[in-house]
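Protein chains in written order, with this note's numbering: chain Y, 63 to 488; chain X, 30 to 650.
Working notes, structure below.
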């Protein structure tokens, strides 16, 4: 079957996450968003592990489902137009902070297992290394390669994916505390890394510029810290619904069972460009080089973003397209679209009301953004919606790039366009 | 190929190539003491062609001995045959050396083969037995104090008058002789005997003494300043007329007066060997200029010292940071925040600007007393930052590891009543647990004939519910004893840990912030050091007396702490601290004001006044 998967989220037991990130809400929002397979996140956390053991039960091979007694009440809250099955995949993100070759490295990695017994084996090993209880995404003083080895020791069916690989401060290829190649990090275990997560600030074409990543499958996940962010980046599969089929599709992209990714516009990501947030200085890679890497305002070092870092490690020109790669689609969240039309904040009541009305009327969010015929959108009560969605689908949007932890700013219409449209309606 | 001495500075080279005859090398902190010692040994072997069998190198810890051997493998010319017979070289602590002497000649000092070494908890049990027979009015809680007094008494040989003896000499003598009698009955010895009995052996058996003197033509001694009197005498006996003694140390770093070592004996070697060559190593390769300047101006306040200077090779560096906290919790919060900055943020959500080039293993939090560690370990635990606490347990009855040692001894010998009595207080809670416990021991003993030592300890730790942190520390200690069956390795393992000193459980490879006492940090270095709890009465600590000599010892200890830092040194104190069961208000340590103002930067933290927390007390009581 065809389905969408978001492998990387966090529970409410991680730092800086919404209190709403519990299994009920994850289950609910996966449906509202149109995500079928969603990561549990945080399985190393003792409290979360207990909750997973109590509330989930095995479904298809390697996947889990919320037990019926917990499911029923939530199902009633979900508009009929969005109701769908949801499967959980056991996942965690680990923050490894360690020294290698005289440099401090900070690398985030995702680990997956098909069963709870393997999870508890890994948890038992990691308990000896560090503190799993204080954060759903634990900080461990453990070499990434050693972590991979331990995951394999816990179960040979584990799947290991370096997370948001370009993020400057916390990733395997990041400018500040990463490596220059996967090999430098994982050494002889590198062949066991088949897949990397590209993160919000990079899209597949940026990654295609590195021949070193040709054999690596690129996936995208939301890294959601609150339920309404689930599925903002995700992966599309056409295969059997099972842990092992998903792995098979990722490991053998030539089979065509991994159809591609749903992406942010990379400019919207928090680390697309370079800059210094405290001074409000946004710099393109070229500008940074011209400034000698220093903030033009205060003279401190700027945070080098993803675009810059990709350019540094790339061995191909921008725009290069290798053969046989899965496709991708860049989107903007539906509340973002409505917010621009309504000229009201994303979390404002006006926007939220319209958002849920559209879901009830048309179906889940990813359906609306990707598939819903423009004709159907015309009956949405939002006159600008069909054209806005059309522009998003065609990538005709204006974005001010994000930098140094500041999200980019997206505009679908410029002022002139918008005034003209509004007028022509009357 | 010959030994490459080009890495050494001229004074180091002079020390390394010193001709035969007595040499005293005074090596300040960070001046390459270990390197110089290693090169000296390498020089003797590869340049002078000395047979390694003829060389004895004495180190302060077993770990230092192992590291010395590793270092020699690296610096000796690879193509030479020297490395092949390096195994014949003796690099050892004095205690381990003493043990090997005793194992060869046990009958000469009245011991039977396979005599055992008592742990401190077993000493306490023995002393309790004696006290209850001889001094029923004496509280048994004072047994540990008596153990220390006995040790003090035993070490008072060949000179010094008893230090601050507040007990009646008569009583002390009686208890000491009763104690010694009990040791003999049980065919056990204590740690002091590992020095004292070999000393007797060498004194009373000239042929044995000459044997050893002929064997060791070159004796090299590290950390000379921390030898106590019996240890000094033992070395003296080992040195024959043809022996070349080469000793290295730093009187400013003598921090073991409580084990009987004293600064004033530092120059005794030179006084007794007037022809001694003396070399000062003063080029410091470790710390930045501000850190050294601060440390030197502190140590200069000691009157009882050998003038010795230090020059930094690294003139640039930040000042010494000083932080005055309102209480111990604010102090701990500040340090956690600072650590997050030092590693450039530990989370994406709270990314903070900071130097960012440090890893967790580059950072140490040092304190005067273990009691001080609690708020810091708690704050680190809360923040999720990985940390390791080093030591914190001598083989004391009340500590978990002492408990584990006793259990292991019972597995080795179920009739070991001393160990059982050390464990018994832990078992009283349930009436039938005693029998349950004994049957567990029985099971472990059976298990030990087919599982590895690591597995055995893991099982014990799990079933006896021993705390997590110590568990990790224990398992790393067991590593070298993993081959073969537990029952075969257990005696070797117990002997090994009975000779361990504080700080030897420090794991430099752990990617974690290290918490330890200043004593345990001796010989180590860290890019960033926090010295915490710098309050009058705490550091300098006045718990053990306020004599001027003790004040100087405390100052040396502070100097050792400061000179562990390579790049950044933070000093912090709290106006109010919960310690020894009470809230104490203490002014900052006078040592802080001994640091010149221009090398200090006071850090102030802007923060919202926090709500008073009421739960603190229950946490400690």
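Quick reminder that beta carbons are idealized off the backbone N, C-alpha and C, glycines included.
- Only residues of its own chain outside the window of five on either side were considered, and among them 435, 438 and 439 have a CB closer than 6 Å to the CB of residue 448(X), listed in chain order.
- Across the set 255(X), 267(X) and 263(X), the C-alpha of 255(X) shows the shortest separation from the C-alpha of residue 277(X).
- The three-state reading of DSSP puts residue 563(X) in coil, since its state is none of H, G, I, E or B.
- Looking at the DSSP output, residue 278(X) bridges to 55(X).
- The shortest CA-to-CA distance from residue 466(X) to any of 475(X), 571(X) and 493(X) is the one to 493(X).
- DSSP places residue 618(X) in the coil class of the three-state scheme, outside both helix and strand.
- Interface annotation for the region 133 to 145 of chain X against chain Y: empty, criterion Cβ-Cβ distance under 9 Å.
- Within the DSSP bridge table, the entry for residue 354(X) names 603(X) as partners.
- Taking a cut-off of 8 Å for Cβ pairs, the region 282 to 300 of chain Y and the region 357 to 377 of chain Y do not touch, as fewer than three such pairs fall below it.
- When DSSP states are grouped into helix, strand and coil, residue 417(X) belongs to the strand group.
- Looking from the CA of residue 383(Y), the closest CA among 220(Y), 276(Y) and 120(Y) belongs to 276(Y).
- The C-alpha of residue 357(X) lies about 20 Å from the C-alpha of residue 622(X).
- Nearest to residue 558(X) by C-alpha distance, out of 210(X), 596(X), 580(X) and 70(X), is 596(X).
- Of all alpha-carbon atoms in 281(Y), 347(Y), 256(Y) and 274(Y), the one lying nearest the alpha-carbon of residue 266(Y) is that of 281(Y).
- Boundaries of the alpha helix (DSSP H) around residue 261(X): 258 to 267.
- For residue 480(X), there is no enclosing beta strand (DSSP E), as DSSP gives it neither H nor E.
- Counting other Cβ atoms within 10 Å of its Cβ, residue 634(X) stays below 16 and is therefore classed as exposed.
- A residue is called buried when at least 16 other Cβ atoms come within 10 angstroms of its Cβ; residue 414(X) meets this threshold and is buried.
- Rounded to whole angstroms, the gap between the alpha carbons of residue 132(Y) and residue 299(Y) is 27 Å.
- Under a criterion of Cβ atoms nearer than 9 Å, no residue of chain X is adjacent to residue 294(Y); the nearest Cβ is some 16 Å distant.
- Here residue 384(Y) carries a coil assignment [DSSP, helix/strand/coil].
- Contact between the region 80 to 87 of chain Y and the region 404 to 413 of chain Y is not established, with fewer than three Cβ pairs separated by less than 8 Å.
- Residue 163(X) and residue 211(X) have their alpha carbons spaced roughly 14 Å apart.
- The beta carbon of residue 90(Y) is closer than 8 Å to those of 136, 139, 140 and 289 in its chain, skipping five residues each way along the sequence.
- Within the model, the alpha-carbon separation for residue 181(X) versus residue 227(X) is close to 18 Å.
- Interface annotation, residue 559(X): not in contact with chain Y, CB-CB separation never under 7 Å.
- Under a 10 Å Cβ-count criterion, residue 329(Y) is classified as buried, with 16 or more other Cβ atoms of the shown protein chains found around its own Cβ.
- Contact with chain Y is found for residue 415(X), since one of that chain's Cβ atoms lies less than 7 Å from the residue's Cβ.
- Per DSSP, residue 569(X) is not a residue of any beta strand (DSSP E), being assigned neither H nor E.
- Beta-bridge annotation (DSSP): residue 543(X) is paired with 393(X) and 417(X).
- Within the region 195 to 209 of chain Y, contact with chain X at the beta-carbon level (separation under 9 Å) is assigned to 195, 196, 197, 199, 200, 201, 202, 203, 204 and 205.
- In the three-state scheme derived from DSSP, where H, G and I count as helix and E and B as strand, residue 97(Y) is classed as coil.
- Within the same chain, Cβ atoms closer than 8 Å to the Cβ of residue 457(Y) are found at 327 and 392, the five residues on either side in sequence being excluded.
- Per DSSP, the unbroken beta strand (DSSP E) holding residue 343(X) starts and ends at 340 to 343.
- It is roughly 26 Å from the alpha-carbon of residue 522(X) to the alpha-carbon of residue 285(X).
- For residue 317(X), there is no enclosing alpha helix (DSSP H); the enclosing beta strand (DSSP E) has its first and last residue at 312 to 317.
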